[in-house]
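First the structure, in the form of structure tokens, and then the observations on it.
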Amino acid sequence: MNIKAWMAFVPLWLTFSYTVGAFSLWGGGFLFQWGVIDYSGGYVIHLSSGIAGLTAAYWVGPRTASDRERFPPNNVLLVLAGAGLLWMGWAGFNGGAPYAANIDASMAVLNTHVCAATSLLMWTTLDVVFFKKPSVIGAVQGMMTGLVCITPGAGLVQGWAAMVMGILSGSIPWFTMMVVHRRWSFLQNIDDTLGVFHTHAVAGFLGGAATGLFAEPVLCALFLPVTHSRGGVYGSVGGVQLLKQVVGAGFVVAWNAVVTTAICAVIRFVVPLRMSEDQLKIGDDEVHGEEAYALWGDGETLALTRHGPNSELESQRPRVPTGVTQNV
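Here the sequence shown stands for residues -7 to 320, where the numbers follow the working numbering.
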């Protein structure tokens, strides 16, 4: 996406898309009053962003063919570091939802770790079974889907249910990413670079639906404005809760798809949504006159990133292999 289009897209999407979902499901909104459960943002944050990301990617269009053919991780160690920070922060993300240090917050933190760990192991197991080896990226994907899946019901389900949700979140998004995405031509034509549709939209919907099945009646009474709310496995009117969860997800999906489309349509009348083909060929680093990495011994390789009075001298300096002494 063109940086100017992105700068316009973010505030518009936050204002007209995200906030509508947030104030519908939280803060006494109409879905909240009806009894739709979203404990800490599985619908508000993850389902909405996953659908918006897929929709925006559709309108922006794919990367160049060469970039799509080979797109290895830039730095697996930094991926691991970021994943660790995410997992650690998610404990506060879900545990802070009750705005109090109570048993509900404690259960939310515990369930967050249980679901994420189970999902990570499930995703890695499927990688080993079908691809004959585990991968760090796969483990991180499984961790992410587990964290997203538990978010709608972190403080409302028992530990055993969190484990079941981890099994589901480590397998169903894996299936949609590895099988459905590769066989469905519609998804193949959308360049979802980081797979956010699977890790956020699919996992977010899955978590909301699973909450409709496993929400514990006593915990629901502490959190929800609707009396006698319970998950489907607890009988009585439990099936109604699952229906409410599906309807709530449908509203979030439809609203984000329509509003994101409208925002992209408006922006494209002002500035192009994507970079030009020439800019895509040289990369966005060169377009902005910067480099993400300038390897030691090689200096800066892009002309636009050389600044300062010695830039010309630097460009004329002979290149020598790393570790070799240079005689001046």
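From the three backbone atoms N, C-alpha and C, an ideal C-beta is built for every residue, glycine too.
- When the alpha-carbon of Leu211 is set against those of Pro165, Val36, Met169, Gly145, the nearest one is in Gly145.
- A straight line joining the alpha-carbon of Val245 with that of Gly19 spans about 20 Å.
- When the Cα atoms are used, Asn248 and Phe22 turn out to be separated by approximately 17 Å.
- Taking the Cα of Ile95 as reference, the smallest distance to any Cα among Leu78, Gln150, Gly45, Arg174 is reached at Gln150.
- DSSP places Met(-1) in the uninterrupted alpha helix (DSSP H) bounded by -5 to 5.
- In the structure shown, His280 falls within a coil segment according to DSSP collapsed to helix, strand and coil.
- Taking a C-beta distance under 8 Å as the contact criterion, Asp184 and Leu46 qualify as a contact pair.
- Contact between Gly196 and Gly87 is absent: CB atoms are separated by about 19 Å, not below the 8 Å threshold.
- The residue from Gly281, Lys273, Val258, Ser268 with its alpha-carbon nearest to that of Ala48 is Val258.
- Two segments are said to touch when three or more pairs of C-beta atoms, one from each, lie closer than 8 Å; by this definition the region 186 to 194 touches the region 128 to 137.
- In this structure Ile29 is in contact with Leu216, their Cβ atoms being roughly 7 Å apart against a cut-off of 8 Å.
- Under the three-state reduction of DSSP, Pro126 is assigned to coil, being neither helix nor strand.
- Counting of Cβ neighbours within 10 angstroms places Val194 among the buried residues, the total reaching 16 or more.
- In this structure, Gly162 keeps its C-beta atom at 8 Å or more from the C-beta atom of Leu205.
- Between the region 155 to 169 and the region 115 to 125 there are three or more C-beta pairs closer than 8 Å, enough to call the two in contact.
- Collapsing the DSSP output to three states places Thr47 in a helix.
- Within 10 angstroms of the beta-carbon of Leu214 lie fewer than 16 other beta-carbons, which makes it exposed.
- Within the model, the alpha-carbon separation for Gly13 versus Gly281 is close to 38 Å.
- Burial is judged here by how many other beta carbons sit within 10 angstroms of a residue's own beta carbon; Ala92 has fewer than 16 and is exposed.
- For the set Gly74, Ala108, Val71, Asn66, the Cα lying nearest the Cα of Ala83 is the one of Ala108.
- Our two residues, Ala0 and Met169, have alpha carbons roughly 30 Å apart in a direct line.
- Restricting attention to Leu186, Gly223, Phe167, the CA atom closest to the CA of Arg55 is found in Leu186.
- Here Ser268 carries a coil assignment [DSSP, helix/strand/coil].
- In the three-state scheme derived from DSSP, where H, G and I count as helix and E and B as strand, Asp119 is classed as helix.
- Within the model, the alpha-carbon separation for Leu4 versus Pro90 is close to 29 Å.
- In the three-state reduction of the DSSP assignment, Asn248 falls in the helix class, which pools H, G and I.
- Annotation: Gly27 to Phe85 spans about 22 Å, alpha carbon to alpha carbon.
- A straight-line Cα-Cα distance of about 50 Å links Gly231 and Leu272.
- Shown here, Gln233 sits in a helix according to DSSP, grouped into three states.
- The beta carbon of Cys141 is closer than 8 Å to those of Gly34, Cys107, Ser111, Met157, Gly158, Leu160, Ser161, Ala195, Gly196, Leu198, Gly199, Ala202 in its chain, skipping five residues each way along the sequence.
- Of the candidates Ser268, Ile255, Gln237, Trp166, the residue whose Cα lies closest to the Cα of Leu39 is Gln237.
- In summary, Trp176 is exposed, with fewer than 16 beta-carbon neighbours lying within 10 Å of its beta-carbon over all protein chains present.
- In chain order, Asn(-6) place their CB closer than 6 Å to the CB of Pro264, counting only its own chain and leaving out the 5 sequence neighbours on each side.
- Judged by DSSP secondary structure, Phe261 falls outside any alpha helix (DSSP H); it is assigned neither H nor E.
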